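Each remark here refers to the structure printed beneath this line.
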Amino acid sequence: LIEGQKVEFDVTQGQKGLQAENITPKG
Numbered sequence: 024l025i026e027g028q029k030v031e032f033d034v035t036q037g038q039k040g041l042q043a044e045n046i047t048p049k050g
């Protein structure tokens, strides 16, 4: 991922705590 890039993602509760899933770059 590019620093400062806009992204969408879902935050889910995993075994090790919160994690980001389904990360989708937006432009």
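Taking my numbering, the leading residue of the sequence shown gets 24, the next gets one more, and so forth. For every residue, glycine included, the Cβ atom is placed at its ideal position computed from N, Cα and C. Fair warning: this is a prediction, and the values are worked out from it, not measured in the lab.
Item to complete: Look up residue 31 in the DSSP assignment and give the residues it is bridged to.
Response: As a working mapping, residue 31 is identified with position 8 in the sequence shown. In DSSP, residue 31 forms a bridge with 47.
Item to complete: Leaving aside the five residues before and after residue 45 along the sequence, list all residues of the same chain whose C-beta is less than 7 angstroms from its C-beta, in chain order.
Response: Your numbering for residue 45 matches position 22 in the sequence shown. Setting aside the 5 residues that flank it on each side, residue 45 is surrounded in the same chain by 32, 33, each with a C-beta closer than 7 angstroms to its C-beta; the list follows chain order.
Worksheet item: Which same chain residues, not among the five before or five after residue 29, have their C-beta less than 8 angstroms away from its C-beta?
Response: Within the sequence shown, numbered from 1, the residue matching residue 29 stands at position 6. Excluding sequence positions up to five before and after residue 29, its CB lies within less than 8 angstroms of the CB of 48, 49, 50, all in the same chain and listed in chain order.
Discussion item. Looking only at its chain, what residues have a beta carbon closer than 6 angstroms to the beta carbon of residue 41, apart from the 5 residues adjacent to it on each side?
Written reply: Position 18 of the sequence shown, counted from the first residue, corresponds to residue 41. These residues qualify, in order along the chain: 34.
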